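For the first sequence, the working numbering begins at 4 and goes up steadily by one.
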Amino acid sequence: MLDIELIRKKPEFVKERLSTRDKTLPDLIDEVLELDKRRRKILTELESLRAERNKKSKEIGLLKREGKDTSIIEKEVREIKERIDSLEEELREVQGKLRDLMLRVPNLPHESVPIGEDEEDNVEVRRWGEPRDFPFDPKPHWEIGEKLGVLDFERGARLSGSRFTVVRSWGAKLERALINFMLDLHTSKGYEEILPPHLVRPEILEGTGQLPKFEEDLYKCERDDLYLIPTAEVPLTNLFRGEILKEENLPIYMTAYTPCYRREAGSHGKDIRGIIRQHQFNKVELVKIVHPDTSYEELEKLTSDAEEVLKLLGLPYRVVELCTGDLGFSAAKTYDIEVWFPSQSRYREISSCSNCEDFQARRMNTRFKDSNGKNRFVHTLNGSGLAVGRTLAAILENYQREDGSVEVPEVLRDYMKADIIAPA
RNA sequence: GGAGAGGUGGCCGAGUGGCCGAAGGCGGCCGCUUGCUAAGCGGCAGAGGGUUAACAGCCCUCCGAGGGUUCGAAUCCCUCCCUCUCCGCCA
Numbered sequence: 004m005l006d007i008e009l010i011r012k013k014p015e016f017v018k019e020r021l022s023t024r025d026k027t028l029p030d031l032i033d034e035v036l037e038l039d040k041r042r043r044k045i046l047t048e049l050e051s052l053r054a055e056r057n058k059k060s061k062e063i064g065l066l067k068r069e070g071k072d073t074s075i076i077e078k079e080v081r082e083i084k085e086r087i088d089s090l091e092e093e094l095r096e097v098q099g100k101l102r103d104l105m106l107r108v109p110n111l112p113h114e115s116v117p118i119g120e121d122e123e124d125n126v127e128v129r130r131w132g133e134p135r136d137f138p139f140d141p142k143p144h145w146e147i148g149e150k151l152g153v154l155d156f157e158r159g160a161r162l163s164g165s166r167f168t169v170v171r172s173w174g175a176k177l178e179r180a181l182i183n184f185m186l187d188l189h190t191s192k193g194y195e196e197i198l199p200p201h202l203v204r205p206e207i208l209e210g211t212g213q214l215p216k217f218e219e220d221l222y223k224c225e226r227d228d229l230y231l232i233p234t235a236e237v238p239l240t241n242l243f244r245g246e247i248l249k250e251e252n253l254p255i256y257m258t259a260y261t262p263c264y265r266r267e268a269g270s271h272g273k274d275i276r277g278i279i280r281q282h283q284f285n286k287v288e289l290v291k292i293v294h295p296d297t298s299y300e301e302l303e304k305l306t307s308d309a310e311e312v313l314k315l316l317g318l319p320y321r322v323v324e325l326c327t328g329d330l331g332f333s334a335a336k337t338y339d340i341e342v343w344f345p346s347q348s349r350y351r352e353i354s355s356c357s358n359c360e361d362f363q364a365r366r367m368n369t370r371f372k373d374s375n376g377k378n379r380f381v382h383t384l385n386g387s388g389l390a391v392g393r394t395l396a397a398i399l400e401n402y403q404r405e406d407g408s409v410e411v412p413e414v415l416r417d418y419m420k421a422d423i424i425a426p427a
């Protein structure tokens, strides 16, 4: 959520920043300003009426103790009350509308974010590693996986429909090895390992920004009013919601492995083959809760912590900075890490690292007491470290050999207790 | 799932319709004093919002959340959430 005071004081600035995302957003701000004005007008009037009522009610108490008649003054208060009631209803309506609107306004892009419309305008920041030269035609991961008996698409669909895959034998083992490897790496760098619930309340998703706008993308358990998490970012970031943290406890670093559940409502036809886009996939997530002064440094560190995974796995990648038009709803700035897929001869997203500044903190009401004793909103960051299914796919492709077997990356061999995955 | 108890400020805890934003204690901050592995005395201190040049003043709201009753609610009623105890069920 944006700071309403900022919108009031610098509406043109806010509109200019939002228009870099989407030209229609400034209209929302005009609506916000209008509602805010109405809200304050009602509030001022309402408060002076309440003050009057409070004063007179106190008088009634005093008069009654003296045994005096209070019928006239009671009638006055009753009249005031009627006006209060109708103003309160008006206020509730305006405030509800305002809140709903505010929850649908995305974060302001940071000034350093390149202006652009879509992913075409993202800016490559750096590359690491050399894509391997294959003496044969590299196969896509789904072919390799099926041939090795590690990806079973047919039975996955039988159980749950399209975009569900069964991972078997050495594939399951590789997936587990990856999860352990990633968690071990991150915890060695000071991230606390967390095992959060996978089902959360609606207000939790509102806290991180998935609700109310992206309801369609979520799986919901209707009878219990709970949602399956689309990413561990959701429970981790919300962990301290409503709390006032101590400044000396910042920064907080957390990591978690969870499955992620996404309806992929808007992506019909995209990435139909393989395991790039699934309704359920594993991810190791990184979340930081930090002092506002340090959040951009922390973003750089977070991104390099995610990159470290790919370096150790020996997978070539590049880092791109998302342009304003491609930025996620809650993010002020985002780096995507894209890994090399030889069969497609291109880099594909495997991690997304964002600084949300105080956008989520405001929604969750997570604050800290600064050295002056003032309560301020924290900044929150999140990044994949990494998407495990895509990592597995990338390993299958980048480490494939002509005979259809796949070499196990060196750092995983102890976890796997194997050097090679060969057809059964 | 059934029966019961309860949710008050950083913590503990009083408060059953008006003088309660809330006693008291602990902890915290400031000052004084004594003079020493600390005590005593005095003072200050919650959050959000409106008004405003103002982190001055004034005002409003907040005693788990949301509704309601009442001239007036922490106190009465309803719904929900959470915690605890007992029973049942269960990996």
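Built from N, CA and C at the ideal position, the CB exists for glycine as well.
Keep in mind it's a predicted model, so treat the numbers as computed, not measured.
- Taking the CA atoms as reference points, GLU410 sits about 12 angstroms from LEU316.
- Distances from the CA of ASN368 to each of LEU28, SER374, THR383 were compared; the closest alpha carbon is that of THR383.
- Take the alpha-carbon of VAL312 and the one of PRO109: they are about 30 angstroms apart.
- By the Cβ-count criterion, ARG166 is buried, with 16 or more other Cβ atoms from all chains shown falling within 10 Å of its own Cβ.
- The stretch 32 to 96 is shown to contain no whole alpha helix (DSSP H) run of 4 or more residues.
- According to the DSSP assignment, ILE247 belongs to the beta strand (DSSP E) that extends over 247 to 249.
- Counted as a single uninterrupted DSSP element, the stretch harbouring LEU208 is not any beta strand (DSSP E) but the alpha helix (DSSP H) occupying residues 205 to 211.
- Scanning VAL323, ALA335, ILE398, PRO412 for the CA closest to the CA of ASP124 turns up VAL323.
- In the structure shown, ARG280 adopts coil according to DSSP, grouped into three states.
- Contact between LEU239 and ILE207 is ruled out by a C-beta separation of about 11 angstroms, above the 8 angstroms threshold.
- In the same chain as VAL169, and ignoring 5 residues on each side of it, the C-beta atoms closer than 6 angstroms to its own belong to ASP155, ARG158, GLY159, in chain order.
- Of the residues assessed, ARG81 falls on the exposed side of the cut-off, its CB having fewer than 16 other CB atoms within 10 angstroms.
- Counting every other CB atom within 10 Å of its CB across the protein chains shown gives LYS286 a total of 16 or more, marking it as buried.
- CA-to-CA, the gap between ILE83 and ARG56 works out to about 7 angstroms.
- The continuous beta strand (DSSP E) containing VAL342 extends over residues 336 to 344.
- Taking ARG265 as the centre and dropping the five residues before and after it, the same chain places the C-beta of ASP220, PRO233, HIS282 closer than 7 angstroms to its C-beta, in chain order.
- Under the three-state reduction of DSSP, SER355 is assigned to strand.
- In the displayed model, ILE424 falls within a strand according to three-state DSSP.
- In the displayed model, ASP140 falls within coil according to three-state DSSP, outside both helix and strand.
- The alpha-carbon of LYS67 is positioned some 16 angstroms away from that of GLU79.
- THR190: member of the alpha helix (DSSP H) spanning 172 to 191, first to last residue.
- Here the stretch 357 to 372 makes contact with the stretch 211 to 231; the two share three or more CB pairs at distances below 8 angstroms.
- Restricting attention to GLU288, LEU101, SER163, the CA atom closest to the CA of MET257 is found in GLU288.
- Membership of ARG158 in the alpha helix (DSSP H) is indicated by the continuous run 156 to 163.
- The Cβ-Cβ distance between GLU400 and SER346 falls below 7 angstroms.
- Separation of THR297 and GLU127 (C-alpha to C-alpha, rounded to the nearest whole angstrom) is 24 angstroms.
- PHE167 sits in coil when the DSSP states are folded into three classes, being neither helix nor strand.
- Here ILE275 carries a coil assignment [DSSP, helix/strand/coil].
- For GLU133, there is no enclosing beta strand (DSSP E), as DSSP marks it with neither H nor E.
- Comparing alpha carbon positions, the residue from ILE275, THR47, ALA235, ARG244 closest to TYR260 is ALA235.
- With a 10 Å radius around the Cβ and a threshold of 16 neighbouring Cβ atoms, ASP103 comes out exposed.
- Within the model, the alpha-carbon separation for ILE278 versus ARG393 is close to 7 angstroms.
- Counting only residues of its own chain and dropping the five nearest sequence neighbours on each side, LEU94 has a CB closer than 8 angstroms to the CB of ARG42, ILE45, LEU46, LEU49.
- Excluding the 5 residues flanking it on each side, PRO14 has same chain C-beta neighbours closer than 7 angstroms at ILE32, LEU36, in chain order.
- Bounds of any beta strand (DSSP E) do not take in ARG107, whose DSSP letter is neither H nor E.
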